[in-house]
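Going line by line, the protein sequences match chains H and B.
According to the working numbering, the residues represented by the first sequence are 655 to 770, in order.
According to the working numbering, the residues represented by the second sequence are 769 to 885, in order.
Backbone N, C-alpha and C define an ideal beta-carbon position, used for all residues, glycine too.
The model shown is predicted, which means the values in this text are computed figures rather than measured ones.
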Amino acid sequence: AQKITQTQPGMFVQEKEAVTLDCTYDTSDPSYGLFWYKQPSSGEMIFLIYQGSYDQQNATEGRYSLNFQKARKSANLVISASQLGDSAMYFCAMRGTTGGGNKLTFGTGTQLKVEL
Amino acid sequence: EAGVTQFPSHSVIEKGQTVTLRCDPISGHDNLYWYRRVMGKEIKFLLHFVKESKQDESGMPNNRFLAERTGGTYSTLKVQPAELEDSGVYFCASSQEARTGAKNIQYFGAGTRLSVL
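Below is the structure:
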């Protein structure tokens, strides 16, 4: 079974500062993918970034980077230079490769609020 | 290019009634997924279509839920009869790639908020 844990129900950050959203995972799959999604108040889930378990380098997409520490089973999302529009719910998710390998397992999410 | 669209955005029904949710995936995406988020809990997988075939329906809670994808285009999720515990947000997602081990980005819609009173 796979499990995603997001221990921060809510986070505050000041505009232009960097923020790290925590995500730890548990799986017995040898190969897996890790994803982060953003859900603004409009409701749509927006894909942000992906990290494969065998990727040698941490993923980056613009202001988003994924701090992947495989031995610790963590996949923290780092948002640099926060903007007011970054205020949203953020979900960490993973997809394994065995036992129904295409479904995503999600954490409970972190509500991020960017303040002036 | 249009994203994943879901209809309605919000539905309020009484216990025992029937509700049908619709999802239009991104054009050309063979893979379509349904997920559900019950208040305050994780988003949970319901089922996965590849074209018109159900690839994995391990997350469907019970036989009151019926998902279809006739013709491999849009999908419907019917709840009949609805119960109070069915309230939540129902998300649909689609992806182009579904090979095991592939990147397989799933693109989500805005969800349908279902309230059963």
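By a beta-carbon distance limit of 8 Å, Asn-872 (chain B) contacts Asn-756 (chain H). Their separation comes to about 6 Å. Taking 7 Å as the cut-off, the beta carbon of Met-743 (chain H) is found no closer than this to the beta carbon of Gln-711 (chain H).
For Tyr-708 (chain H), the number of other beta carbons within 10 angstroms of its own is below 16, and it is reported as exposed.
With 16 or more other Cβ atoms inside 10 Å of its own Cβ, Phe-859 (chain B) counts as buried.
Short of 6 Å from the beta carbon of Thr-678 (chain H), and not among the five residues preceding or following it, lie these beta carbons of its own chain, in chain order: Thr-659, Lys-727, Ser-728.
Excluding residues up to 5 positions away in sequence, Glu-669, Val-768, Leu-770 lie with their Cβ nearer than 8 Å to the Cβ of Leu-738 (chain H) in the same chain. Looking from the CA of Thr-751 (chain H), the closest CA among H:Thr-661, H:Ser-682, H:Ala-672 belongs to H:Ser-682.
Spatial neighbours of Gly-784 (chain B) in its own chain (CB-CB distance under 6 Å, excluding positions within 5 residues in sequence) are listed in chain order as Pro-849. When DSSP reads this structure, Ser-883 (chain B) sits in a beta bridge with B:Val-780. Bounds of the beta strand (DSSP E) holding Gln-774 (chain B) are 773 to 775. Counted as a single uninterrupted DSSP element, the beta strand (DSSP E) harbouring Glu-769 (chain H) occupies residues 764 to 769. Residues Val-780, Ser-855 of the same chain have their beta carbon placed closer than 6 Å to that of Ser-883 (chain B), with the five preceding and five following residues left out of the count. Residue-level contact check: Ala-878 (chain B) touches chain H, since one or more beta carbons of chain H fall below 7 Å from its beta carbon.
In terms of Cβ geometry, Leu-885 (chain B) and Glu-782 (chain B) form a close pair [threshold 7 Å].
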